[in-house]
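Numbering (my numbering), first residue to last: 956 to 1708. Quick reminder that beta carbons are idealized off the backbone N, C-alpha and C, glycines included.
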């Protein structure tokens, strides 16, 4: 560092010295000329004063022709060290009187004939320069002669030399002082700049909520943060590639980074539901990508999961705190159930969440419906769940994972009750553009509620960008686009994209059947030949999933390829959802009618091209269908991620099968080896389906191997791990800031005491 500073100083001082030397070279001659002019002007004034003083006595003596008196007058006058000689000339130019020092070479000249005024000049003599001034002496208006005054100018040269010496010394001193001051200021600025950069590095990419970057960093802070942010992501990717994300690694992360801090999950849908049947109480897992992903995290992290108890036997198995350990038979975490009345469920869940926010965020050509009564229930239920979080929290700084659009208001509510909590909100569905979101009458309240989060996650960079633009449009905030942070109400929220994934299947999750056995058994259950080509689609019966467009593509494929009729069947597993809503009732009726029409058109004997199963299937059963199928169709019209695509790939241990994937899913941004289609383009989807069914096994294996490696590495534990790592960094920073604040306040408190 010292060597670097020496080089920087030399680079600055040498050019400064050259500039000052050039200035001295130009300025000193100008200063000499100016000094000479000042002295000449001074001698002119002195000459006029002397001539005026000597005029009367000299004319008297000249009239009397008293040479002795004139010589005495002249001798006394030249006692002045500057006045070198005097002479008097008549009007004819004859020198009548002069001191012994008067140079003969000066004479009187033609100028003596001139009348009036004073003639002055600088004359070079062997002894040096002199100043010559001629003053015409008159009496009663008649010119008598000229008085010539000769001043010695050697003193001017001496003083000019002194002035040059002082000027050069001044420039040298000025250069030294400027160099010292500039180098000192530069060193202090450099140290401040370095400290600022170090602070940003130690801050791990996130700007402090209560400070601003140093002024000298302002022009670079955006680029620097973006660079550090990208470097951080790259470093994470390399580190992730070297060590697989597993439940054990996630537990180690919690112990190491979060020091055993408690984790609370909040979601509407519960991971396990208890239902009363003829055989007693049965436990089931709902078909939900959210539950599948988060439940794997909770098994690794333990903690408490707060959810709506919707099973008809849920109340019978909970304790006095409405809690039940899960999974059944091998408890690993606690499920806390919140009870809702029919009115609350209708307004909060079916009304505002699924008739309002769901179609608003999904561009699926269904108009959102907003009612004030639904909004009131939404606020009420969010408050109910927030109270449950506070009640379940054993500390004042838990890690709270809020799941999805059902709880947009909850983060702010929890923040008000637990200011030190780390709240991670993950939005599992797409986020629309600002214009679309502006339709919501309570858009500001929704945004403010979400900004109560410490970390706010989306599936893709596009959804994250849409959210930042929406906040910028409708709220007064400070947004750091490069660092992806929003400051609102003095609180900072980190907004990131965390692509969600699945847990890589364990042996217990997979059927013990080998591939051929699974293919034969599934085909036997479906009553189709063993050589039959089979397609699979797994969705909730929702208008955003593109089921109608999928069926139309199947119909078009059979039209274009008649040889496939009787050789290909598509199984659509469509779990009923939100059946009380008219839009969903109409959609289910439309799906059934379309499947019936296509089956009637292409059926031959016992053959039908589409088998529609509108019922729930557990993950084990779905996995068997995935393994038996030749192609999986995911044709969502708009989707946050879609985990069905990843579940299908993870199930294919035989490294065969083809995934046909909508370009409007988040998964399409990762699974590039799938056949990507526009589900609105029916012919394109039909051609892709035929290509999938006829794809050579070598190409299938090449595509499937690549996607399987990606999903195995980028699994749900990595998704949760990255969010929790970011949360751990923020928690550490918050604790450090609290200690610093306490340290600064301690002296003031002691003074008060």
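In this structure, residue 1319 sits near residue 1592, with a CB-CB distance shorter than 7 Å. Listed in chain order, the non-local C-beta contacts of residue 1416 below 7 Å within the same chain comprise 1452, local neighbours out to five positions each way being set aside.
Put simply, the stretch 1376–1393 touches the stretch 1404–1412. At least three CB pairs are less than 8 Å apart.
If you draw a straight line from the Cα of residue 1128 to the Cα of residue 970, it comes to about 16 Å. In the structure shown, the three-state DSSP call for residue 1256 is helix.
Beta bridge pairing from DSSP links residue 1630 with 1615.
In terms of Cβ geometry, residue 1132 and residue 1105 do not form a close pair [threshold 7 Å]. Residue environment analysis places residue 1660 among the exposed positions, since fewer than 16 neighbouring C-beta atoms fall within 10 angstroms of its C-beta.
Leaving aside the five residues that flank residue 1473 on each side, the residues in its chain whose CB is nearer than 7 Å to its CB run, in chain order, 1466, 1579, 1582, 1583.
The three-state reading of DSSP puts residue 1227 in coil, since its state is none of H, G, I, E or B. Taken atom to atom, the span from the alpha-carbon of residue 1337 to that of residue 1330 is near 10 Å. Distance between residue 1119 and residue 1140, taken at the CA atoms: about 31 Å. Listed in chain order, the non-local C-beta contacts of residue 1681 below 6 Å within the same chain comprise 1410, local neighbours out to five positions each way being set aside. Scanning its chain for C-beta atoms nearer than 8 Å, with the 5 sequence neighbours on each side dropped, one finds around residue 1637 the residues 1504, 1507, 1508, 1511, in chain order. When secondary structure is reduced to three states using DSSP, residue 1280 falls in the strand class.
Cβ atoms of residue 1527 and residue 1247 stay farther apart than 8 Å, at about 19 Å. Exclusion of the five residues before and after residue 1483 leaves 1489, 1524, 1562 as the residues of its chain whose Cβ lies within less than 8 Å of its Cβ. Taking 7 Å as the cut-off, the beta carbon of residue 1364 is found no closer than this to the beta carbon of residue 1357. If you draw a straight line from the Cα of residue 1457 to the Cα of residue 1137, it is about 60 Å long. Judged by DSSP in its simplified three-state form, residue 1566 adopts strand. With fewer than 16 neighbouring CB atoms inside 10 Å of its own CB, residue 1552 falls in the exposed class. Nearest in C-alpha terms to residue 1590, of all of 1502, 1607, 1542, is 1502.
If you ignore the 5 residues before and after residue 1454, its C-beta comes within less than 8 Å of the C-beta of 1414, 1415, 1596, 1621, 1624, 1625, 1669, 1674, all in its own chain and listed in chain order.
For residue 1533, there is no enclosing beta strand (DSSP E), as DSSP marks it with neither H nor E. Taking each of 1516, 1567, 1542, 1667 in turn and checking the Cα distance to residue 1648, the smallest one comes out for 1516. Between residue 1039 and residue 1018, the C-beta gap is not smaller than 7 Å, which leaves the two residues out of contact. For residue 1600, the enclosing alpha helix (DSSP H) begins and ends at 1598–1606.
Runs of the alpha helix (DSSP H) spanning 4 or more residues and lying entirely within the stretch 1328–1416 occur at 1365–1372, 1389–1392, 1398–1405, in chain order.
Per DSSP, reduced to three states, the secondary structure at residue 1621 is helical. Taking C-beta separations shorter than 6 Å and ignoring five residues to either side along the sequence, the partners of residue 1303 in its chain run 1332, 1333, 1336, following chain order. Restricting attention to 1232, 1394, 1355, the CA atom closest to the CA of residue 1381 is found in 1355.
Looking from the CA of residue 1224, the closest CA among 1203, 1265, 1289, 1204 belongs to 1265. Per DSSP, the unbroken beta strand (DSSP E) holding residue 1239 starts and ends at 1235–1239. Sorting 1615, 1134, 1053 by C-alpha distance to the C-alpha of residue 974 places 1134 at the top. If you ignore the 5 residues before and after residue 1387, its C-beta comes within less than 6 Å of the C-beta of 1316, all in its own chain and listed in chain order. Residue 1426 sits close to residue 1402, with the two beta carbons spaced by under 7 Å.
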